[in-house]
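Chemist:
Residue numbers (the numbering used here): 6 to 294.
1. Alpha carbon to alpha carbon, how far is residue 272 from residue 260?
2. Within its chain, find whatever has a CB closer than 7 Å to the CB of residue 83; leave out the 5 residues flanking it on each side and keep chain order.
3. With respect to the beta strand (DSSP E) encompassing residue 147, which residues constitute its N-terminal and C-terminal limits?
4. Strictly by DSSP, which residues pair up with residue 179?
5. With three or more C-beta pairs closer than 8 Å as the rule, is the segment 159 to 166 touching the segment 242 to 254?
6. Are the segment 262 to 272 and the segment 195 to 208 touching, with three or more C-beta to C-beta distances below 8 Å?
7. Per DSSP, residue 15 is paired with what?
8. Across which residues does DSSP place residue 4 in a beta bridge pair?
9. Using beta-carbon positions only, say whether residue 127 and residue 91 come within less than 7 Å of one another.
10. Tell me the rounded alpha-carbon separation between residue 130 and residue 287.
11. For residue 251, which residues in the same chain have their Cβ closer than 6 Å to its Cβ, ignoring the five residues on either side in sequence?
12. To the nearest angstrom, how far is it from the Cα of residue 191 to the Cα of residue 6?
13. Please list, in chain order, all residues of the same chain as residue 86 whose beta carbon is under 6 Å from its beta carbon, the five residues on each side excluded.
14. Would you mind reading off the limits of the alpha helix (DSSP H) that contains residue 121?
15. Thinking just about the alpha-carbon of each residue, which of 10, 141, 208 is nearest to the one in residue 121?
16. Could you tell me whether the Cβ atoms of residue 119 and residue 96 are closer together than 7 Å?
17. Ordered along the chain, which non-local residues of its own chain (more than five positions away) have a Cβ less than 7 Å from that of residue 284?
18. For residue 156, which residues in the same chain have their Cβ closer than 7 Å to its Cβ, ignoring the five residues on either side in sequence?
19. What separation, rounded to the nearest whole angstrom, lies between the Cα atoms of residue 214 and residue 222?
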């Protein structure tokens with residue numbers, strides 16, 4: 006476990022500053038909070054001003070600064086790798102259960118369905134953080150945590166495959182000190198953190214709506230009676246997993262999203278967290294108990 010270069014705190018998932026390459030804790034992860042020697046690189050690029058000479062006189066032309074990046078090739082590779090790791094980690098339990106062990110086609114079906122469920126839950130959650138952080142003028146990039154990815158795959162192959170360690174990476178955020186104000190304030194940090202669980206709630210709602218429509222149309226009885234109820238089952242798991250991801254991240258502790266939302270506005274935190282926890286407990290009792 007690595008330690009923060011400023012305060013020495015142990016970090017389970019360390020924040021590595023892209024400007025000085027040193028490890029920092031959640032409190033010192035921003036360049037201005039650890040007196041980064043390369044903080045000037047973290048500041049937004051200034052607009053380019055060009056003076057063009059003409060016969061009628063000089064004309065001042067202002068060219069906009071480059072926009073914040075969306076998803077780089079390196080980041081896309083990290084996202085796809087994390088998605089594949091999660092797909093494997095959440096699929097192996099079906100192999101150990103014997104449900105798909107004798108059929109490669111069935112396992113492929115499970116794997117693809119898992120990618121859909123995990124893709125909306127994990128990837129959607131992380132990208133929501135990224136894009137909203139960029140709207141606040143921050144640098145934000147998803148980075149693969151190699152140790153976490155390897156551990157996730159290793160744990161997945163421990164029979165019966167129910168031990169899942171899902172921490173292959175995260176979005177790293179750093180303020181661009183002079184882009185939209187001085188750093189990221191408490192409200193901005195709270196909003197950036199809140200959107201992740203909100204995406205999980207939205208995804209759970211979509212899976213739940215699809216499940217409800219399928220049930221009312223009798224599709225569940227059709228696929229189950231035909232011996233292939235996997236797709237119908239994954240609609241249920243899509244609801245449960247997304248609610249669980251959102252509820253877990255709203256815990257007001259450590260570096261979780263809930264801590265930042267709670268610090269920003271306790272009323273907003275309570276309005277989201279309490280109903281979310283109640284819904285999560287209810288759906289897990291209904292489906293798995």
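Here a beta-carbon is modelled for each residue, glycine too, at the ideal position from N, C-alpha and C. The structure displayed is predicted, hence computed values, not measured ones.
Modeler: Taking the coordinates as given:
1. Reading the chain shown from its first residue, position 267 is the one you call residue 272. Reading the chain shown from its first residue, position 255 is the one you call residue 260. One C-alpha to the other measures close to 19 Å.
2. Against the chain shown, residue 83 aligns to sequence position 78. The answer, listed in chain order, is 147, 148, 149, 174.
3. Indexing the chain shown from 1 puts residue 147 at position 142. First-last of the beta strand (DSSP E) with residue 147: 143 to 149.
4. The residue labelled residue 179 in the question sits at position 174 within the chain shown. BP columns for residue 179 point to 144.
5. no
6. yes
7. By 1-based counting over the chain shown, the position of residue 15 is 10. Partner(s): 8.
8. Limits of the chain in this structure are 6 at one end and 294 at the other, which puts residue 4 out of reach.
9. As a working mapping, residue 127 is identified with position 122 in the chain shown. As a working mapping, residue 91 is identified with position 86 in the chain shown. A contact, by the Cβ cut-off of 7 Å.
10. Here residue 130 refers to the residue found at position 125 of the chain shown. Here residue 287 refers to the residue found at position 282 of the chain shown. Approximately 22 Å between the Cα atoms of the pair.
11. As a first step, residue 251 is located in the chain shown; it is residue number 246 there, counting from the start. Cβ within range, chain order: 202, 205, 206, 281.
12. On the chain shown, position 186 is the one that residue 191 refers to. On the chain shown, position 1 is the one that residue 6 refers to. Roughly 28 Å separates the two Cα atoms.
13. Position 81 of the chain shown, counted from the first residue, corresponds to residue 86. Answer for residue 86: 149, listed in chain order.
14. Reading the chain shown from its first residue, position 116 is the one you call residue 121. First-last of the alpha helix (DSSP H) with residue 121: 109 to 123.
15. As a position in the chain shown, residue 121 is number 116, starting the count at 1. For residue 121, the nearest C-alpha among the options comes from 208.
16. Numbered from its first residue, the chain shown carries residue 119 at position 114. Numbered from its first residue, the chain shown carries residue 96 at position 91. Yes, Cβ-Cβ distance for residue 119 and residue 96 is below 7 Å.
17. Numbered from 1 along the chain shown, position 279 holds the residue referred to as residue 284. So the list reads 248, once near-sequence residues are dropped.
18. Indexing the chain shown from 1 puts residue 156 at position 151. Closer than 7 Å at the Cβ level, and outside the excluded window around residue 156, lie 170.
19. As a first step, residue 214 must be located in the chain shown, where it is residue number 209. As a first step, residue 222 must be located in the chain shown, where it is residue number 217. Straight-line Cα distance between these residues: approximately 12 Å.
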